[in-house]
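Below is one structure, written out as structure tokens; comments come after it.
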Amino acid sequence: SHLDPRTRDLVERRARSLGSAYRLFYRTPLEFVRGEGAHLFTADGTDYLDAYNNVPSVGHAHPRVAAAIAEQAARLSTHTRYLSRATVDYAEDLLGTFPAHLGNVMFTCTGSEANDLALRIVRAATGRRGVIVTENAYHGVTTEVAALSPSLVGADAVADWVRVVPAPTPGTDFAAAVAAAIDSLDAAGIGLGCLIVDTIFASDGVLPDAPGLAAAARAAQAAGGLLVADEVQPGFGRLGDGLWGFDRHGLVPDLVTLGKPMGNGYPVAAVVARPELVDAFAARGRYFNTFGGNTVAIAAAQATLDVVREEGLVARAARLGAVLAEGLRAIGGSVVEVRGCGLFLGVQLGDEGTAREAVNALEERRILIGASGLRNDTLKVRPPLALSDADAERLLDGLAAVLG
Ligand code: PMP
């Protein structure tokens with residue numbers, strides 16, 4: 014093996030204990046021991062620039078978030094069945110960032126749970142099971158949500174209540190595809206519960222413009238279906254033009270799901286919804302999630318939201334995202350197209366092999382990046398919003414050297 018004995022031993026022990034369903038990145042797997050800003054460090058102090066991880070959005074190990082978690086954990090960790098002033102304060106603060114019709118928030122631990130709960134609310138409120146998703150969508154891992162995630166189970170293996178439509182790229186008629194899917198669900202006697210979209214279409218290859226999306230959403234809502242905006246990846250300011258991705262498309266979602274960057278790495282996620290939908294769900298039973306929105310999760314979420322605002326990270330995402338997009342477009346070479354907004358960019362390359370080589374070549378330059386898209390041919394540039402100007406320059410230099 015090409016691995017040093019200590020690494021090889023850890024890889025083997027990991028495989029024995031965690032089993033075969035997990036994957037590691039890179040031929041020589043990386044072991045980080047510390048993070049700061051947009052940087053990750055190995056035990057020998059080697060500095061990797063992180064352009065992959067969107068969860069530690071305000072920066073790896075942000076001191077303010079770490080302190081909020083530590084202080085609350087040292088005082089009290091309890092669930093949502095006791096009164097908690099901080100929880101209500103955070104709920105009001107968060108809801109204040111949404112349009113007024115989205116008046117309730119329910120807490121979960123993961124984005125998958127948030128989408129699963131959204132689906133249950135949709136079904137309770139509409140009485141219909143059908144769901145429309147895009148071709149390579151990923152919405153999570155619970156049994157129901159996996160069954161509507163073609164990128165996970167394959168477009169042919171989604172549940173019989175799911176209709177898969179091509180993602181909204183230029184040249185596709187997204188609204189017509191959604192209308193046909195609504196007809197198909199009706200014809201099958203299933204009916205439309207909701208259209209669910211990741212508002213940046215991360216796993217469909219990063220599609221910031223999404224032509225036809227607003228018209229398709231209106232058609233779905235006119236047909237009695239609900240619109241679920243999955244903001245698990247784009248949310249909390251990454252797109253650089255406000256906190257939420259649905260705004261840039263002019264969408265009026267009925268439910269919004271949140272996760273990943275919400276607690277900067279502490280597990281906290283949520284469903285934001287019209288109160289009347291939550292009422293329809295509540296009429297059938299209660300909701301309790303043991304860890305969802307516990308007092309420590311809320312402390313993490315509040316500190317994260319405070320830092321996003323106080324450090325002006327939405328504006329930073331816009332500014333550095335524009336610098337990166339312009340620099341990427343100037344590279345030429347194997348770059349076919351640069352899409353995206355804020356610090357969520359997709360760099361379309363010729364094919365999957367070129368993208369895979371670029372990911373590995375960048376790792377040799379100590380830059381972490383990933384690939385996505387239906388054909389895995391698009392580099393996904395998605396660094397923590399704590400990226401500095403110098404980091405952006407280093408990232409561009411690396412990308413230019415590898416792709417130019
Ligand atoms: N929705 C989207 C758009 C996602 O990207 C993900 C995670 N990759 C999820 C939902 C699921 O979130 P989690 O992994 O926290 O369950």
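Using full-length UniProt numbering, the first residue of the sequence shown is number 14, and each one after it goes up by one.
Even for Gly, the Cβ is constructed at its ideal location relative to N, Cα and C.
So the beta strand (DSSP E) residue i belongs to, where does it begin and stop?
| i | result |
| --- | --- |
| Asp211 | 205–211 |
| residue 426 | One cannot answer for residue 426 here, as it falls past the ends of the chain, which runs 14 to 417. |
| Val394 | 391–394 |
| Phe54 | 52–55 |
Using a 10 Å radius around the Cβ and a threshold of 16 neighbouring Cβ atoms, would you call residue i buried or exposed?
| i | result |
| --- | --- |
| Val144 | buried |
| His152 | buried |
| Leu326 | buried |
| Pro396 | buried |
| Phe38 | exposed |
| Phe301 | exposed |
| Glu244 | buried |
| Val118 | buried |
| Asp129 | buried |
| His262 | buried |
| Tyr279 | buried |
| Arg407 | buried |
| Thr346 | Note on identity: in this sequence residue 346 is Gly, with Thr being the wrong assignment. Exposed: under 16 other Cβ atoms inside 10 Å. |
| Ala328 | exposed |
| Asp364 | exposed |
| Ala160 | buried |
| Gly355 | buried |
| Tyr35 | exposed |
Assuming contact is defined by CB atoms lying nearer than 9 Å, are residue i and residue j in contact in what I supplied?
| i | j | result |
| --- | --- | --- |
| Val409 | Val336 | The sequence given here has Leu at residue 409, not Val. Yes, the Cβ-Cβ distance between Leu409 and Val336 is below 9 Å. |
| Ala227 | Thr212 | no |
| His52 | His75 | no |
| Val320 | Val146 | no |
| Gly124 | Arg287 | no |
| Ala282 | Gly305 | yes |
| Leu416 | Val348 | yes |
| Gln246 | Ala215 | yes |
| Gly206 | Arg142 | yes |
| Val219 | Arg352 | yes |
| Thr308 | Thr100 | yes |
| Ala413 | Leu392 | no |
| Ala229 | Ala192 | yes |
| Gly238 | Thr185 | no |
| Ala236 | Ala188 | no |
Since residue i sits in a beta bridge, which residues does DSSP pair it with?
| i | result |
| --- | --- |
| Asp243 | Asp211, Thr270 |
| Val175 | Val144 |
| Asp196 | Answer is none; Asp196 lacks a bridge partner. |
| Ala282 | Thr121 |
| Tyr61 | Leu53 |
| Asn66 | DSSP output for Asn66 lists no bridge partner at all. |
Where does the unbroken alpha helix (DSSP H) through residue i begin, and where does it stop?
| i | result |
| --- | --- |
| Glu49 | It is not in any alpha helix (DSSP H) - Glu49 instead sits in the beta strand (DSSP E) that spans 45–49. |
| Ala235 | 226–235 |
| Gly411 | 402–416 |
Those runs of the alpha helix (DSSP H) which lie wholly inside the segment 81–147 and span at least 4 residues: Within the segment 81–147, the complete alpha helix (DSSP H) runs of at least 4 residues fall at 98–108, 124–139.
Curious, which full-length alpha helix (DSSP H) runs of at least 4 residues does the segment 341–386 contain? Within the segment 341–386, the runs of alpha helix (DSSP H) at least 4 residues long that lie entirely inside it are, in chain order, 365–377.
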